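First up is the structure itself, then whatever we jot down about it.
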Amino acid sequence: GKRLLVEHINEPIAASGEIFQTGEHLNSSLFSFPLTLRGPKPGDRFHPLGAPGSKKVSDFLSGQKVNQPTRELVPVLCAGDSILALPGLRIDHRFMITDKTIHVIRVCWEDMECKTKG
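Here our numbering is used: position 7 in the sequence shown is 10, and no number is missing along the way.
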């Protein structure tokens with residue numbers, strides 16, 4: 004199985020291209036807790052990081068070559084009615100961090116079996 008790791012990051016993060024690419028860091032001053040994790044619902048839309056505008060989650064997943072049976076298992080991370088991220092795939096552009104961001108959380112969709120590299 005997999006689990007969602009959510010951690011607060013206290014040290015300042017340079018908003019480097021690398022972080023934008025991994026799509027794991029969210030500006031937590033832009034949304035409120037609690038967060039919910041659910042499966043995709045028909046009509047779900049979000050603004051994928053780096054895309055020009057919003058997109059249906061189903062269209063995004065098909066563009067990512069996620070096959071139909073797997074799509075129902077894709078996690079959707081929400082705060083209230085807003086989709087923050089599809090953990091492991093892409094965050095929502097509206098919640099990305101910049102060099103002005105103070106409150107950062109990292110979301111990581113990880114295998115339960117995986118041990119931290121040591």
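Virtual Cβ for every residue (Gly too), placed ideally from N, Cα, C. Model, not experiment: these values are computed from the prediction.
Asked: Rounded separation between THR104 and ASN30 - CA only; Found: 6 Å
Asked: Endpoints, the beta strand (DSSP E) within which SER85 is located; Found: 85-89
Asked: Burial state of LEU89 (16 or more Cβ within 10 Å); Found: buried
Asked: CA-to-CA distance, ASP95 to ARG66, given in whole angstroms; Found: Position check: residue 66 holds Gly in this sequence, whereas Arg was assumed. Cα to Cα, GLY66 sits roughly 16 Å from ASP95.
Asked: Endpoints, the alpha helix (DSSP H) within which ARG74 is located; Found: 71-74
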